[in-house]
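The structure under discussion appears below in the form of structure tokens.
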Amino acid sequence: MESMLHITTLHYLVLGAALFVLGVIGVLTRRNVVIVLMSIELILNAVNLNLVAFSRYWQGMPVRMGGGPLALHGQIFSIFVITDAAAEAAVGLGILIAFFRNKETVNIDEVNLLKW
Amino acid sequence: MAPVATPFFFYLLAGIMLIGGILVITRKNAVHSALALIVTLLAQASIYLMLYAPFVAGVQIILYAGGIMVLFLFVIMLVSIERSMKERQFNSQWVVGIIAATALGGLFIAVFTKGKNIFPDHVLSVVEDNNTQEVATLLYGQYMFAFEIASLLLLVAIIGAVVMAKKRI
């Protein structure tokens, strides 16, 4: 009970892991391409949560170990991940529009032109 | 300022995030999924605030909830959802999905139970007043090169999205 009432880094990591698993389930089982892309966003957000939690963790570490209040590297990295997510969403949705124009569907099972 | 009632807000926001995530991967209508994802992203922005990362929280709201999700909703509007709503929503890979999720979840649980003692509690005396300033100092100092590469990546993504979505090049 005591460990439940005191929020540590581990709590954030568990939450991130749960979100990651949800995103993986969505990517593997859904047939709608739009929802698959949203699940990828869920995965990226889970990673971001981990990065920010670790950044917070390192801020409490001693400076001689690389920590200290200025150790914001995890937050910087999460900003880069958000940039990547924006680029990925733009290109992915562009591909989706091109695909929809050719096949008139958003079903991912019909993306099989390269299937042997 | 010291945080107030941290456990309560953490579990509240974590519950909102998990329920939103479950709704994202189970809803039939893609618009409902997008709205659930927005709720998840906003709750995550609040969790960033709890982690003393106000700049990342602002970026999360502006870029994700304001930018990427609008893009998603536009694309949902462009592709017709009536047909896809009548179809089967889950493919036949659900066995693989459950196995992969169980393996991944088991792996995470194993790692967390083993690594529980790596993360000791420590008193954090960090003031977040100048968080944005410190992030900017790092971003334009130590991470300058990566920052420029990121801008190049965005340029490539812009061109790529236009080329992909254009009818005839």
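In order, the protein sequences belong to chains A and B. Adding 250 to a residue's 1-based position in the first sequence gives its number in the numbering used here. Adding 634 to a residue's 1-based position in the second sequence gives its number in the numbering used here. From the three backbone atoms N, C-alpha and C, an ideal C-beta is built for every residue, glycine too.
Just the Cα atoms here: how many angstroms apart are L278(A) and I659(B)? 10 Å
- Query: Measuring CA to CA, which of A267(A), V283(A) and L301(A) is closest to F349(A)?
  - Reply: V283(A)
Amino acids of chain A, ordered along the chain, whose beta-carbon sits closer than 7 Å to that of Y774(B): Per Cβ cutoff of 7 Å: no residues; Y774(B) is ~11 Å from chain A at best.
Worksheet item: Who pairs with R351(A) in a beta bridge, going by DSSP?
Response: DSSP lists no partner for R351(A).
- Task: Return helix, strand or coil for N282(A), following the three-state DSSP convention.
- Result: strand
Exercise for review: Just the C-alpha distance for L299(A) and N751(B), rounded to the nearest angstrom, thanks.
Suggested key: 20 Å
Is N295(A) helix, strand or coil by DSSP?
helix
Could you tell me whether the Cβ atoms of A791(B) and A337(A) are closer together than 9 Å?
-> yes
Give a yes or no on contact between the segment 321–334 of chain A and the segment 687–699 of chain B, applying the rule of three or more CB pairs nearer than 8 Å. yes
| task | Determine the burial state of N295(A): buried for a count of at least 16 other Cβ atoms within 10 Å of its Cβ, exposed for fewer. | result | buried
inquiry  = If I measure Cβ to Cβ from I710(B) and keep anything under 8 Å in the same chain, skipping five residues before and after, which residues do I get?
reply    = A664, V665 and A668
Buried versus exposed call for H256(A) [16 or more other C-beta atoms within 10 Å across all chains shown]
exposed
- If the cut is a Cβ gap below 8 Å, which residues of chain A does V769(B) touch? L322, Q325, I326 and I329
Taking Cβ positions, are A335(A) and I702(B) nearer each other than 9 Å? yes
Fill in: Contact set between L269(A) and chain B, taken where Cβ atoms lie within less than 9 Å
M651, L652, G655, T674 and Q678
Notebook entry, point to check: Roughly how many angstroms separate the alpha carbons of K365(A) and R314(A), rounded to a whole number?
Noted result: 54 Å
Practice problem: Determine the closest residue to V796(B) out of E354(A), V341(A) and V361(A), with distance taken between C-alpha atoms. | Solution: V341(A)
*Of the choices R280(A), G266(A) and T259(A), whose alpha-carbon is the least far from that of I358(A)?*
R280(A)
Pick out whichever of A677(B), A744(B) and F708(B) has its Cα sitting closest to the Cα of L646(B). A677(B)
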